[in-house]
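Numbering (the numbering used here), first residue to last: 46 to 485.
Every residue, glycine too, gets a C-beta built ideally from N, C-alpha and C.
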Amino acid sequence: MQRQTRRGVLLALSGTAATLGGCSTGLTSGDPGARAASDETEPTPTEQVSESTTESRPAMFVHLDTLAAIQSRVENGDNPWTGAHEAFMDDVRDAMAADSESVTDNGDGHEFKTKGPKDPAERKDYVAAIRTGDRIRDLGLAYQYTGADQYAEKAIELLDHWFLRSKTYMAPVKTNSIEQYITLPKMWWGAELVRGHKAWNDDGVGTEADLQEWVRTFLNDVGHNIPTEMGQQNIFNWQEMTHAAGAVYLRDWDRFRKAMQRNRETGFNQLREDGLLKNEIIRASSLAYSLYAAKALLTAAELSRLYADKLDGPTLYEYQKFDGDRGAIERILDAHAPYVGDPEAWEAMGEGDPDRFVNNDGFPARKQESASSLYEVAYSYYEKDAYLEALKQSGQPVKNVPTYVSAQQAAIDNPDRPHRDERVLGWTTFTHGERFRLDV
């Protein structure tokens, strides 16, 4: 069979939409010969391993040396990594068993279409993006962690189905912004983790060059505007994190530097000297939205840390908006840490308008887990006892609110470590927990 590669040609649709040219003759997830998951024990690194697993390099949101150091800790049964590894591998096995999903599954074309949270039945593309992103990221991490090619092969299959296959690709256009910013970068992270794998040469699979062209086209469509009438809010931080993550995958370091510069120059506009975020605290669910902004900044800060040599200024961790010995991100984290375990105290400190700090849904378990996974990453960098205390606060009795996908629910049902970031990073206790204790 002759391989039919996609040409990477992007055609304008309706002035803004775009599509990828070419077609695929490869197997889909429903074909009898498609890769299926195995219920057997996880493969060992002695199985067929590609050269990329031997490199020492940053791989978007994690350094491969860090994964190697974590592996030795898991082999020794050390916590917090061992329990997190078990939870992570459960998700990997689920990913291996999963069928490919796409925005075309709802029969509504190639564009990412979704409505707000008040209409969950109309969020099918968003939910599919959450699941697909989780799977691609976890499979890529499992490949680098174990060296087993089957994980990379499955990840590439899912990437091809979502981005490149002629019948199922997502058009590379911004249609919903925030829901794309918190789902697509973890797919690109998975692609970074399987960069150069030989499965990209299989018949019926698009090329990495095609995927890079998709990412470039999408980022160009996203732009850099501040997208809210109230000025800079968390959505801007997620937008620029998306630019930075895509730039890493593209190896476009000028684009990467500009994304970090925009976060430094504009991404902290709403930060007050006391560490609160003036455009988040005026909203309902203000504590959750403030931590949501902090998560976007911290996720981007990890990119700036790992690719600091590509920057023309300080990392986001190091950036200081105000005088003193604390960076802007540390100032935000310090201000909010006491309220992760005591959201009622947050509501009690409302300034003037008594509704300013009210959380409409209280502080449900899902938001508590989001906060704990944030402080897991923060503790790994800053080593502050206050952050350790914050990441342990999810054990507080809070009401549960069901999530969109079962993988998100796992960490909520078991509120102590390990913690899981439902947005981009996944099981943060596994990949980002207590890095200062690792031999790296």
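| Asked | Found |
| --- | --- |
| Does T273 pass the burial test, meaning 16 or more other C-beta atoms within 10 Å, or should it be called exposed? | exposed |
| Cβ atoms of K231 and V469: under 7 angstroms apart, would you say? | yes |
| What separation, rounded to the nearest whole angstrom, lies between the Cα atoms of K169 and T191? | 32 angstroms |
| Helix, strand or coil: how does DSSP classify G276 here? | coil |
| According to DSSP, which residues form a beta bridge with P409? | Answer by DSSP bridge pairing: none, since P409 is not bridged. |
| Any idea what DSSP makes of A373, helix, strand or coil? | helix |
| Across which residues does DSSP place P103 in a beta bridge pair? | H108 |
| Mind reading off the beta-carbon distance from F301 to L256? Whole number of angstroms is fine, and I expect it under 8 angstroms. | Rounded, the Cβ-Cβ distance is 18 angstroms, inconsistent with contact. |
| Looking only at its chain, what residues have a beta carbon closer than 6 angstroms to the beta carbon of E347, apart from the 5 residues adjacent to it on each side? | F106 |
| Is the Cβ-Cβ distance between A339 and I377 less than 7 angstroms? | yes |
| List the residues that DSSP assigns as beta-bridge partners of L322. | L316 |
| Measure how close the beta-carbons of A104 and Q189 come, nearest whole angstrom, since I'm counting them as under 8 angstroms. | 7 angstroms |
| What does the Cβ neighbour count give for R210, buried or exposed, with the cut at 16 atoms within 10 Å? | buried |
| Which of the three DSSP states is assigned to G291 in this structure? | helix |
| I need the straight-line Cα distance from N314 to Q277, nearest angstrom please. | 6 angstroms |
| If I measure Cβ to Cβ from A423 and keep anything under 7 angstroms in the same chain, skipping five residues before and after, which residues do I get? | L343, L378 and Y432 |
| In terms of residue numbering, what span does the alpha helix (DSSP H) encompassing A142 cover? | W126 to A142 |
| Give a yes or no on whether the C-beta atoms belonging to E156 and T220 are separated by under 7 angstroms. | yes |
| Who are the near neighbours of V94 in its chain, counting only those whose CB is closer than 8 angstroms to its CB and skipping five residues on each side? | Here the model assigns V94 a pLDDT of 42, short of 50, so the residue's position is not dependable and the matter cannot be decided. |
| How should N270 be labelled, buried or exposed, when 16 other C-beta atoms within 10 angstroms of its C-beta is the threshold for buried? | exposed |
| If the criterion is Cβ atoms closer than 7 angstroms, does the pair R180 and A140 meet it? | yes |
| Closest to D354 by CA distance: which of D299, D164 and P447 is it? | D299 |
| Smallest Cα separation from E428: which of A393, S415, H477 and I457? | H477 |
| Between the C-alpha atoms of R118 and L186, what's the straight-line distance to the nearest angstrom? | 16 angstroms |
| Would you report the Cα separation of E131 and A236, rounded to the nearest angstrom? | 23 angstroms |
| For A380 and G320, what's the separation of their Cα atoms in angstroms? | 5 angstroms |
| To the nearest whole angstrom, what separates the beta carbons of S335 and L322, a pair I think is in contact under 8 angstroms? | 5 angstroms |
| So is L204 in contact with chain B if we call contact Cβ pairs under 7 angstroms? | No chain B appears in this structure, which consists of one protein chain only. |
| How about P125 and T448: are their beta carbons less than 7 angstroms apart? | no |
| Please identify the residue among F367, A373, P460 and P359 whose C-alpha is closest to the C-alpha of G386. | P460 |
| Could you name each continuous alpha helix (DSSP H) segment of 4 residues or more that falls completely within the stretch 446 to 472, going from the start of the chain to the end? | 451 to 458 |
| Which full runs of the alpha helix (DSSP H) of 4+ residues lie inside the stretch 176 to 204, going along the chain? | 194 to 204 |
| Note the first and the last residue of the continuous alpha helix (DSSP H) segment covering Y235. | Checking the sequence, you will find Gly at residue 235 rather than Tyr. From DSSP, the alpha helix (DSSP H) with G235 extends over L229 to L238. |
| Check the C-beta distance from A382 over to Y420 and give it rounded, since I have them as a contact under 8 angstroms. | 7 angstroms |
| Under 7 angstroms, do V250 and D205 count as touching if we go by C-beta distance? | yes |
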